[in-house]
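Visitor: So the sequence shown is numbered by UniProt numbering: it starts at 1 and just counts up by one. Backbone N, C-alpha and C define an ideal beta-carbon position, used for all residues, glycine too. Below is the structure I would like to discuss, written out as structure tokens.
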Amino acid sequence: MSKTNVERAKAENKFFAAMRDKESSDQERKNLTRNLDKAGKALDKLAESEKALTTRIHLLEKEAANLKRVADAQKEQTSALQSESNEWRMRFLGERKTVEEIRTAFQEHSTAIDKKRTELRKIEESLLKAKSSVEKQAAKLKSLSSSSGSNAREAELQSEIDKCMPPQMLHLQDEHAQYRHHEMHAHILQALRRGTNSNTAAQVPSLQPSFLSGGSTAIVLPVTVPHLLGCRSSVVSTFPGCFVLTLLLLLLRTLRLCYGVSIHP
Numbered sequence: 001m002s003k004t005n006v007e008r009a010k011a012e013n014k015f016f017a018a019m020r021d022k023e024s025s026d027q028e029r030k031n032l033t034r035n036l037d038k039a040g041k042a043l044d045k046l047a048e049s050e051k052a053l054t055t056r057i058h059l060l061e062k063e064a065a066n067l068k069r070v071a072d073a074q075k076e077q078t079s080a081l082q083s084e085s086n087e088w089r090m091r092f093l094g095e096r097k098t099v100e101e102i103r104t105a106f107q108e109h110s111t112a113i114d115k116k117r118t119e120l121r122k123i124e125e126s127l128l129k130a131k132s133s134v135e136k137q138a139a140k141l142k143s144l145s146s147s148s149g150s151n152a153r154e155a156e157l158q159s160e161i162d163k164c165m166p167p168q169m170l171h172l173q174d175e176h177a178q179y180r181h182h183e184m185h186a187h188i189l190q191a192l193r194r195g196t197n198s199n200t201a202a203q204v205p206s207l208q209p210s211f212l213s214g215g216s217t218a219i220v221l222p223v224t225v226p227h228l229l230g231c232r233s234s235v236v237s238t239f240p241g242c243f244v245l246t247l248l249l250l251l252l253r254t255l256r257l258c259y260g261v262s263i264h265p
């Protein structure tokens, strides 16, 4: 009897153990079922997401293609603009160089103008001084001429000198003409000093020719010399070599008429 009870107890223990295993298996099955349902729902959501993402991928691919075309067009436009920019830059450099050259030329021209203006101012001042001196000596000569009573002869001599003057100022061409002027000056000065007294000869100034720009020579006869020659005012002339002989003959004639001087070179 006791042995039966022991076996019964063992059988009950086995039964209860099997029931517990069954309950745990059912519970595990339920859990797996719930997890499977959740996984199925998640898969459905993932499928929907995949479709949406696939659609968006297609849209993005189309947009990327459009952006690529725009980028290519922008690249071409950028290249064209770069070429145009380089062209304008080269043109700017050329224009700036031209402006610098013009500015330099303008400065040089301004400097030359200022220099010429200064020279002209100096010449004007010297001309004014010379004019004042000539007017003073002309007045003195006029008073001396009026007191000597030789107005008619002076007018005649002045008229002859004016007729022999060239119509315009010309330039001497070589140094030979200048040498002839020096020779003529020496002969005239020597003749004047031989034909006048010591007091008058002492008043005869030097008749050195002054050389002007361009190679021309101006022989200046001061007031005291025309007074000796019987002229009204000083004679300032610039003449080429072809008029040397004419002027020399005229001076010889004037010396003969005024003082009876004969020149023997």
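How should residue 141 be labelled, buried or exposed, when 16 other C-beta atoms within 10 angstroms of its C-beta is the threshold for buried?
Guide: Numbered from 1 along the sequence shown, position 141 holds the residue referred to as residue 141. By the neighbour-count rule (16 or more Cβ atoms within 10 Å), residue 141 is buried.
Visitor: So is residue 7 buried or exposed if we call it buried at 16+ other beta carbons inside 10 Å?
Guide: To locate residue 7, count along the sequence shown from 1; it is residue 7. Taking all protein chains in view, the Cβ of residue 7 is surrounded by fewer than 16 other Cβ atoms within 10 Å, so the residue is classified as exposed.
Visitor: Spatial neighbours of residue 13 within its chain, please: CB distance less than 7 Å, with the 5 preceding and 5 following residues excluded, ordered by chain position.
Guide: The count along the sequence shown starts at 1 and reaches residue 13 at position 13. So the list is empty, once near-sequence residues are dropped.
Visitor: Out of curiosity, what's the CA-to-CA distance linking residue 130 and residue 97?
Guide: As a first step, residue 130 must be located in the sequence shown, where it is residue number 130. As a first step, residue 97 must be located in the sequence shown, where it is residue number 97. So the alpha carbons of these two residues sit roughly 48 Å apart.
Visitor: How many Å lie between residue 223 and residue 123 at the Cα?
Guide: Here residue 223 refers to the residue found at position 223 when the sequence shown is read from its first residue. Here residue 123 refers to the residue found at position 123 when the sequence shown is read from its first residue. For residue 223, the predicted model reports a pLDDT of 37, less than 50, meaning its position is unreliable; a value from the coordinates is still stated below. Taking the straight line joining both Cα atoms gives about 21 Å.
Visitor: How long is the line joining the alpha carbons of residue 88 and residue 127, rounded to whole angstroms?
Guide: Within the sequence shown, the letter at position 88 stands for residue 88. Within the sequence shown, the letter at position 127 stands for residue 127. Those two C-alpha atoms are separated by around 56 Å.
Visitor: Applying the 10 Å Cβ sphere with the 16-neighbour rule, what's the burial state of residue 212?
Guide: Position 212 of the sequence shown holds residue 212. Residue placement at residue 212 cannot be trusted, given a pLDDT of 38 that sits under 50; the coordinates are not used to answer.
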